[in-house]
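Trainee: Count along the sequence shown from 1, then add 340; that gives the number in the working numbering.
Once you've had a glance at the structure underneath, I'll fire off some questions.
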Amino acid sequence: MANEANTACIDGFHLVIEALRLNGLDTIFGVAGIPITDLARMAQAEGLRYIGFRHEQSAGHAAAIAGYLTRKPGVCLTVSAPGFLNGMVALANATTNGFPMIQISGSSDRAIVDLQQGDYEELDQMNAAKPYAKAAYRINRPQDIGIGVARAIRAALSGRPGGVYLDLPAAVLSATLDAAAGARSLVRVLDAAPRQIPAPEAVERALEVLARAQHPLIILGKGAAYAQADAEIRALIERTAIPFLPMSMAKGLLPDDHPQSAAAARSFALAQADVVMLIGARLNWLLEHGRSPQFSPAAQFIQLDIMPTEIDSNRPIAAPVVGDIASSIGALLARLKPGQIRPSSAWLEELAQRKQHNLERMRQRLNANPVPMDFYSALGAIKGVLADKPEVYVVNEGANTLDIARNVIDMRAPRKRLDCGTWGVMGIGMGFAIGAAVISGQPVVAIEGDSAFGFSGMEIETICRYQLPIAVVVFNNGGIYRGDDINRGGGADPAPTVLMRQAQYEKLIEAFGGAGYHAADPATLANALAGALAARRPALINCLIDPKAGTESGHIGSLNPQSSLAAKA
Ligand code: ADP
Ligand code: MG
Numbered sequence: 341m342a343n344e345a346n347t348a349c350i351d352g353f354h355l356v357i358e359a360l361r362l363n364g365l366d367t368i369f370g371v372a373g374i375p376i377t378d379l380a381r382m383a384q385a386e387g388l389r390y391i392g393f394r395h396e397q398s399a400g401h402a403a404a405i406a407g408y409l410t411r412k413p414g415v416c417l418t419v420s421a422p423g424f425l426n427g428m429v430a431l432a433n434a435t436t437n438g439f440p441m442i443q444i445s446g447s448s449d450r451a452i453v454d455l456q457q458g459d460y461e462e463l464d465q466m467n468a469a470k471p472y473a474k475a476a477y478r479i480n481r482p483q484d485i486g487i488g489v490a491r492a493i494r495a496a497l498s499g500r501p502g503g504v505y506l507d508l509p510a511a512v513l514s515a516t517l518d519a520a521a522g523a524r525s526l527v528r529v530l531d532a533a534p535r536q537i538p539a540p541e542a543v544e545r546a547l548e549v550l551a552r553a554q555h556p557l558i559i560l561g562k563g564a565a566y567a568q569a570d571a572e573i574r575a576l577i578e579r580t581a582i583p584f585l586p587m588s589m590a591k592g593l594l595p596d597d598h599p600q601s602a603a604a605a606r607s608f609a610l611a612q613a614d615v616v617m618l619i620g621a622r623l624n625w626l627l628e629h630g631r632s633p634q635f636s637p638a639a640q641f642i643q644l645d646i647m648p649t650e651i652d653s654n655r656p657i658a659a660p661v662v663g664d665i666a667s668s669i670g671a672l673l674a675r676l677k678p679g680q681i682r683p684s685s686a687w688l689e690e691l692a693q694r695k696q697h698n699l700e701r702m703r704q705r706l707n708a709n710p711v712p713m714d715f716y717s718a719l720g721a722i723k724g725v726l727a728d729k730p731e732v733y734v735v736n737e738g739a740n741t742l743d744i745a746r747n748v749i750d751m752r753a754p755r756k757r758l759d760c761g762t763w764g765v766m767g768i769g770m771g772f773a774i775g776a777a778v779i780s781g782q783p784v785v786a787i788e789g790d791s792a793f794g795f796s797g798m799e800i801e802t803i804c805r806y807q808l809p810i811a812v813v814v815f816n817n818g819g820i821y822r823g824d825d826i827n828r829g830g831g832a833d834p835a836p837t838v839l840m841r842q843a844q845y846e847k848l849i850e851a852f853g854g855a856g857y858h859a860a861d862p863a864t865l866a867n868a869l870a871g872a873l874a875a876r877r878p879a880l881i882n883c884l885i886d887p888k889a890g891t892e893s894g895h896i897g898s899l900n901p902q903s904s905l906a907a908k909a
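This is the structure:
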């Protein structure tokens, strides 16, 4: 806690650093500038890890995914007004997805901001953040830094995790306190995410509903993945023999090739299930709000969630189990009697047959080998390379690139698939990849649509600057959805969804000393990816996909209001 000018004093900068360190927050993702440049500099001097980005949105996404993976809030540091707003998409995305993070932002002079007298980067940031954050606080005095950081940590981690905004006016950072008073003001947060034990009668009710089921189905969501109760979840699924479906970020919680996975018979399983048990998954748009025809109108639901108000949010829940996943699964296992739950054998056989049929169709698509490549042939090559590398993180965004990769790329370990999540946000790619690589040291493959990549593409300089083991695969079909649309007015300007098909994305990374590859066929793609992963160095593969491959809006075309024009694309 040294202060060079006066060893008996501590300033706001160092109080923030000590408050983070005391709570085990040892990594900061940010973009330096007024008034937090010295905060970043001093944090590094004091032994915290500082990762500097090119845009705050990517820094925020990195912090959010670090929070998801570690169950400690990821910290994002931004400059005032514009930098703060750039980070806000990531903070809002973290809140929507239930990722714990804290965006700490410097801000301008309160007196001037509040009278709207026109300060440099003037904005009432705390109030601007409120609608998008789980909580928003401002620290106005150096003696409150300890308690303010503690409040932010507890708000980010407790209950359903989320994004917290913490405002630090420039004057607080440079203000000083007596060193002893400063040390006393720091707060170590105890038990920030306390266990929440479900009510015994709720657990009993859930077991009774399950016991009556002929066609039970378990849906695992990213809340289940976040809970890190992997062994207990697996035990519940295997002891009850109930088929399961993973939501996209829950893939790998049990391996995708587990015999009880119903993923390859997804629509059949959803439509035919008579009892659906949701474990850390919301009945939002990603599950068609639990409605028919995707679900049977007669189906009964059991829901395990930490958030009481999630229950009955879209459809009545017959057996709510409110608690943390680990405690709830533990309680279910403790009360489960041998033979109490028996899915009908006809149900299991029918699912197995559908799976077999669909897996065979998939195998044919993956092996078709069209020229130019389509999404399936390219993803088939990536699937082959990743087959024996369960430790590799897979970041994935795009439209068709997202939807098809989710089905093709098998996951074999928990929390390795990181994607657009609840919002369907574009722009998480490089931020998530950097966050995962920094906190784990493990290699990352980012499978990116060419449009999606553009949102965070400049961060390949960050990847190269820190020499991170990240291989970016750009699925270049020359457009958003597809690359072959035309200008309906007949003019020379490209159509709204068209991007440059001839773009040599691999040259981008070469500019920063990384390895660039160009792949027009599956064998070249597989070799390039295998080489990049073995080298554990920054790499970018420009992967040429047929501009005619891909459908408008990927698998969510039903959400896209279309005129008669668009259908003719
Ligand atoms: P997915 O998109 O994978 O279906 P969602 O983000 O929709 O997952 O749902 C995750 C759910 O998990 C949220 O409702 C959240 O409240 C819940 N959740 C998050 N962490 C926990 C936990 N530790 N215990 C119980 N529920 C949790
Ligand atoms: Mg594209």
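We put the CB at the ideal spot given by N, CA and C, even for glycine.
Treat the numbers as computed from the prediction; the structure is a model and nothing was measured.
Closest by CA to Pro887, which one among Phe815, Ile651, Gly364?
Mentor: As a position in the sequence shown, residue 887 is number 547, starting the count at 1. For the residues Phe815, Ile651, Gly364, the minimum Cα distance to Pro887 belongs to Phe815.
Trainee: Output the distance between the C-alpha atoms of Asn426 and His395, rounded to the nearest integer angstrom.
Mentor: Start at 1 with the first residue of the sequence shown, and residue 426 comes out as number 86. Start at 1 with the first residue of the sequence shown, and residue 395 comes out as number 55. Approximately 7 angstroms, taken between the alpha carbons.
Trainee: Could you work out which residue in Thr410, Asp833, Leu873 is closest to Ala565 when comparing CA atoms only?
Mentor: Position 225 of the sequence shown, counted from the start, is the residue given in the question as residue 565. Closest option to Ala565, Cα to Cα, is Thr410.
Trainee: Drop a sphere of 10 angstroms on the beta-carbon of Ala342, count the other beta-carbons inside from all chains shown, and report buried for 16 or more, exposed for fewer.
Mentor: Locating residue 342 in the sequence shown gives position 2, counting from the first residue. Note that Ala342 scores 47 on pLDDT, short of 50, meaning its location in the model is unreliable; the coordinates nonetheless yield the value given after this. The residue is exposed, with fewer than 16 neighbouring Cβ atoms inside 10 Å.
Trainee: Would you identify the three-state DSSP class for Ile493, choosing helix, strand or coil?
Mentor: Taking the first residue of the sequence shown as position 1, residue 493 is located at position 153. Helix, per DSSP.
Trainee: Starting from the Cα of Asn882, find the closest Cα among Leu808, Phe793, Arg381 and give me that residue.
Mentor: To locate residue 882, count along the sequence shown from 1; it is residue 542. Answer by Cα proximity: Phe793.
Trainee: Would you decide whether Ala490 is buried or exposed? Buried here means 16 or more other CB atoms lie within 10 Å of its CB.
Mentor: Numbered from 1 along the sequence shown, position 150 holds the residue referred to as residue 490. Looking at its Cβ environment, which holds 16 or more other Cβ atoms inside 10 Å, Ala490 is buried.
Trainee: Which residue from Val415, Asn654, Gln457, Leu576 puts its Cα closest to that of Ile444?
Mentor: Working through the sequence shown from its first residue, we reach residue 444 at position 104. Minimum Cα distance to Ile444 is reached at Val415.
Trainee: May I have the straight-line CA-CA distance separating Ile826 from Pro836, to the nearest angstrom?
Mentor: Indexing the sequence shown from 1 puts residue 826 at position 486. Indexing the sequence shown from 1 puts residue 836 at position 496. About 9 angstroms.
Trainee: From Ala533 to Gln465, what distance separates their C-alpha atoms?
Mentor: Counting from 1 along the sequence shown, the entry for residue 533 is found at position 193. Counting from 1 along the sequence shown, the entry for residue 465 is found at position 125. Their Cα atoms are separated by approximately 27 angstroms.
Trainee: May I have a chain-ordered list of the beta strand (DSSP E) segments no shorter than 3 residues that lie completely inside the stretch 521-571?
Mentor: Runs found: 556-560.
Trainee: Contact check, Tyr857 vs Val784 under 8 angstroms by CB: the rounded distance?
Mentor: Here residue 857 is taken as the residue at index 517 of the sequence shown, counted from 1. Here residue 784 is taken as the residue at index 444 of the sequence shown, counted from 1. That pair is no contact at about 16 angstroms.
Trainee: Flag this pair as touching only if the stretch 545-560 and the stretch 512-527 have three or more C-beta atom pairs under 8 angstroms; answer yes or no.
Mentor: In short, these stretches do not touch, since the Cβ pair count stays below three.
Trainee: Taking only three categories from DSSP, how would you classify Gln465?
Mentor: Position 125 of the sequence shown, counted from the start, is the residue given in the question as residue 465. Looking at Gln465 - three-state DSSP - the assignment turns out to be helix.
Trainee: Classify Val711 as helix, strand or coil using the three-state DSSP reduction.
Mentor: In the sequence shown, counting from the first residue as 1, residue 711 sits at position 371. Three-state DSSP puts Val711 in coil, outside helix and strand.
Trainee: Which residue from Val453, Asp597, Arg757, Glu689 puts its Cα closest to that of Ile787?
Mentor: Walking along the sequence shown from the start, residue 787 turns up at place 447. Looking at the Cα atoms, Arg757 is the closest of the given residues.
Trainee: Helix, strand or coil for Leu899? Go by DSSP, reduced to three states.
Mentor: Here residue 899 refers to the residue found at position 559 of the sequence shown. Correct three-state label for Leu899: helix.
Trainee: May I have the straight-line CA-CA distance separating Phe715 from Leu517, to the nearest angstrom?
Mentor: Against the sequence shown, residue 715 aligns to sequence position 375. Against the sequence shown, residue 517 aligns to sequence position 177. Rounded to the nearest angstrom, the two C-alpha atoms are 59 angstroms apart.
Trainee: Give me the residue from Gln643, Leu719, Ile665, Lys729 with the minimum Cα distance to Gly789.
Mentor: Sequence index remark: in the sequence shown, residue 789 carries index 449 (1-based). Closest by alpha carbon: Leu719.
Trainee: With DSSP as the reference, label Cys760 as helix, strand or coil.
Mentor: As a working mapping, residue 760 is identified with position 420 in the sequence shown. Three-state result, Cys760: coil.
Trainee: Return the first residue and the last residue of the beta strand (DSSP E) that Arg389 is part of.
Mentor: Your numbering for residue 389 matches position 49 in the sequence shown. Where Arg389 is concerned, the enclosing beta strand (DSSP E) stretches over 389-392.
Trainee: Please list, following the chain, all residues that have a C-beta closer than 6 angstroms to any non-hydrogen atom of the ligand ADP.
Mentor: Output, sorted by chain position: Asn437, Gly438, Arg500, Gly561, Lys562, Gly563, Tyr566, Ala567, Met587, Met589, Ala590, Gly620, Ala621, Arg622, Asn624, Leu626, Asp645, Ile646, Met647, Glu650, Asp664, Ile665, Thr762.
Trainee: Verify the CB distance criterion: does Glu572 have a CB-CB separation below 8 angstroms to chain D?
Mentor: No chain D is present in this structure, which holds just one protein chain.
Trainee: Output needed for Lys908: all residues of its chain with C-beta closer than 6 angstroms, excluding positions within five of it in sequence on either side, in chain order.
Mentor: In the sequence shown, counting from the first residue as 1, residue 908 sits at position 568. Because Lys908 sits at a pLDDT of 46, beneath the cut-off of 50, its placement in the model cannot be relied upon, and the following sentence gives the value as read from the coordinates. So the list is empty, once near-sequence residues are dropped.
Trainee: What residues in its chain sit with their C-beta under 8 angstroms from that of Ser898, if we drop five residues either side in the sequence?
Mentor: The residue given as residue 898 occupies position 558 in the sequence shown. No residues qualify anywhere along the chain.
Trainee: So, is Glu700 buried or exposed, given that buried needs 16 or more other C-beta atoms within 10 angstroms?
Mentor: Here residue 700 corresponds to residue number 360 of the sequence shown, with the count starting at 1. Glu700 comes out exposed.
Trainee: Please report the straight-line C-alpha distance between Leu508 and Asn480, rounded to a whole angstrom.
Mentor: For the purposes of this step, residue 508 is taken as the residue at position 168 of the sequence shown. For the purposes of this step, residue 480 is taken as the residue at position 140 of the sequence shown. Those two C-alpha atoms are separated by around 7 angstroms.
Trainee: Use the C-beta contact count for Leu594: other C-beta atoms within 10 angstroms, 16 or more gives buried, fewer gives exposed.
Mentor: Residue 594 sits at position 254 when you count from the first residue of the sequence shown. Result: buried.
Trainee: When you measure from the CB of Asp790 to every non-hydrogen atom of the ligand MG, does any distance come out below 7 angstroms?
Mentor: As a first step, residue 790 must be located in the sequence shown, where it is residue number 450. Yes, Cβ of Asp790 sits closer than 7 angstroms to a heavy atom of the ligand MG.
Trainee: Measuring CB to CB, does Pro501 end up less than 8 angstroms from Glu461?
Mentor: Within the sequence shown, residue 501 is the residue found at index 161, counting from 1. Within the sequence shown, residue 461 is the residue found at index 121, counting from 1. No, the pair does not count as a contact, with Cβ atoms beyond the cut-off.
Trainee: Just to confirm the assignment: which complete beta strand (DSSP E) runs, minimum length 3, are found wholly within the stretch 590-677?
Mentor: Listed in chain order, they are 615-619, 640-645, 659-662.
Trainee: Flag this pair as touching only if the stretch 425-440 and the stretch 470-479 have three or more C-beta atom pairs under 8 angstroms; answer yes or no.
Mentor: Result yes; three or more Cβ-Cβ pairs closer than 8 angstroms.
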